[in-house]
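In mature numbering (1 follows the signal peptide of the UniProt record, and there is no 0), the protein residues as written are -26 to -1, 1 to 122.
C-beta atoms are modelled at their ideal positions from N, C-alpha and C, and glycine is treated no differently.
Remember, predicted model here, so these are calculated numbers, not experimental data.
What follows is a short report on a single structure.
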Amino acid sequence: MPSWRHCYLLLLALAAAGCTTLRPPAASDQATPPASSAPPVERDEQIAPVDTAPAAGVALAVAQLLERGWFQLGRGEWRAALSLAERAQRLDRFQPESYLLIASAHYRLAQHALAVNIARQGRSYAAAGSEAAIRLDALLALLDGAQN
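Take a look at the structure:
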């Protein structure tokens, strides 16, 4: 029957063996990258802009989430509105209305500093003169008055 001392020494030896590292493979074992050259680039070549518009199904889902979120906000269910707006934001992070709803919910939850930051971020995505930009500016003015 093994004693505790033997078990301890065996466990210590196994732990030490598990801590050893392997040497890197020899130079002949390493794979060499394939020899290929990059395609030539024309100086006048234009790179197409990335389309940030969501797919039609995503846009519809975002619109429905925001509609439900505004309804919840109107009922005083601020956390539910916040949850719906955050889901909409995850689907389309360039949608300024989701930032407006998130900031509005944080304002109602008396988290003014967070509301200001989110409203400013949403304002950066809103087109100048758009309804979302006007509403975000109004919310920022309201928040500025609340902090002073």
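Host alpha helix (DSSP H) of residue i (start-end)
{"i": "Ser72", "result": "70 to 82"}
{"i": "Gln85", "result": "Here Gln85 belongs to no alpha helix (DSSP H), and DSSP marks it neither H nor E."}
{"i": "Ala62", "result": "52 to 65"}
{"i": "Ala35", "result": "30 to 48"}
{"i": "Ala120", "result": "105 to 121"}
Buried or exposed by the 16-neighbour rule on C-beta atoms within 10 Å, applied to residue i
{"i": "Gln63", "result": "buried"}
{"i": "Arg97", "result": "buried"}
{"i": "Ala112", "result": "exposed"}
{"i": "Leu34", "result": "exposed"}
{"i": "residue 125", "result": "Because the chain is modelled from -26 through 122, residue 125 falls outside the range shown and cannot be assessed."}
{"i": "Asp66", "result": "buried"}
{"i": "Ala89", "result": "buried"}
Contact under 7 Å by Cβ, residue i with residue j
{"i": "Arg61", "j": "Leu39", "result": "yes"}
{"i": "Leu75", "j": "Gly43", "result": "yes"}
{"i": "Gln79", "j": "Leu58", "result": "A small correction: the amino acid at residue 79 is Ala; Gln does not occupy that position in the sequence shown. No. Outside cutoff."}
{"i": "Ala100", "j": "Leu110", "result": "yes"}
{"i": "Ala106", "j": "Glu71", "result": "yes"}
{"i": "Ala115", "j": "Ala93", "result": "no"}
{"i": "Val36", "j": "Gln69", "result": "yes"}
Chain E contact for residue i (CB, 7 Å cutoff)
{"i": "Ala35", "result": "In the structure shown, chain E does not exist; there is a single protein chain."}
For the 8 Å Cβ check, are there 3 or more pairs between the region 33 to 52 and the region 85 to 100?
-> no
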